[in-house]
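Q: In the working numbering, the protein residues as written are 6 to 296. Every residue, glycine too, gets a C-beta built ideally from N, C-alpha and C. All values reported here derive from a predicted model rather than from experimental measurement.
1. Taking 9 Å as the CB-CB limit, is residue 254 close to chain D?
2. So residue 217 and residue 125 are in contact, right, with Cβ under 8 Å, and what is the actual spacing, rounded?
3. Residues in its own chain within less than 7 Å of residue 206 by CB, not counting five upstream and five downstream?
4. From the DSSP output, which residues share a beta bridge with residue 69?
5. Could you give the C-beta distance for residue 19 and residue 25, rounded to a whole number, given that I count them as a contact under 8 Å?
6. Enumerate, from N- to C-terminal direction, the unbroken beta strand (DSSP E) stretches of 3 or more residues contained entirely within the segment 30-67.
7. Would the segment 131-149 count as touching the segment 79-91 if we require 3 or more Cβ pairs under 8 Å?
8. If you compare alpha carbons, which of 115, 74, 129 and 38 is closest to residue 102?
9. Taking the alpha-carbon positions, what's the residue 127 to residue 116 distance?
10. Can you tell me which of 68, 17, 112 and 59 puts its alpha carbon nearest to the alpha carbon of residue 222?
11. Between which two residues does the beta strand (DSSP E) containing residue 13 stretch?
12. Mind checking which residues open and close the alpha helix (DSSP H) that includes residue 321?
13. Rank 107, 189, 261 and 143 by C-alpha distance to the C-alpha of residue 237 and give the top, closest one.
14. What is the DSSP secondary structure of residue 217, reduced to helix, strand or coil?
15. Taking residue 167 as part of the alpha helix (DSSP H), name the residues at either end of that continuous run.
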């Protein structure tokens, strides 16, 4: 990449009127397509800036965004701020899809963790030509290695409830794990992580399976073998819901030269070979001839 691409701050208006802070990175040279970055829970859009700059330098117009309650889309205080976890998909990402969809070039999406959950929840996922997601898993502690399983159960059952009760929101940042989370996000996330297949096992969410089954967009779901929160078996437990989509599963071995990846390393600078794989796959999309 010969030059740094300057992002342009934009504001999206969700269907319920909430204002979402986003950044658009214009394509350099001939446009290959539009690309929307669907981030992980509690991760601000700035974390994906390097990837966005890289993709824009390769000919993709890229948009990143902060979900409501996060980063630049957060209110003055999270205490008393009411929202549902899946608003991030139903409303925020849906607005970004509408903003980025074009009749001139295809729209692609890259997901990270929650981003892979969100895609099947979008009311307009049919507008996305291809979807590539990293680190998407079912969230259940039973899919994790024993030590991580014990640590996560302790966090959900003891530490986080105490912190949430004290602050009125989830002070995720105090644990060095990302942005603080609205109380509604924390409560639903904690509840669904009790189930081996996440919200698909929640009787109150029985309608969700049908929505995921409606997805026909080609998908690649890639997970690192050292991602303790989303190992391949956790991914498989979740992505089986995309039962009618052309789906490829990819396991990333950090010993192949990338070094440690974990749950966040997919978007650090040394992960550039992974970015090349993503963009190469997007370039292979064939745009149907007119008529």
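A: Result, derived from the coordinates:
1. Of the protein chains in the structure, only one exists, and it is not chain D.
2. 4 Å
3. 200
4. 28
5. 6 Å
6. 38-43
7. no
8. 129
9. 13 Å
10. 112
11. 13-18
12. Given that the chain is displayed from residue 6 to residue 296, the structure contains no residue 321 and the question cannot be resolved.
13. 143
14. helix
15. 165-172
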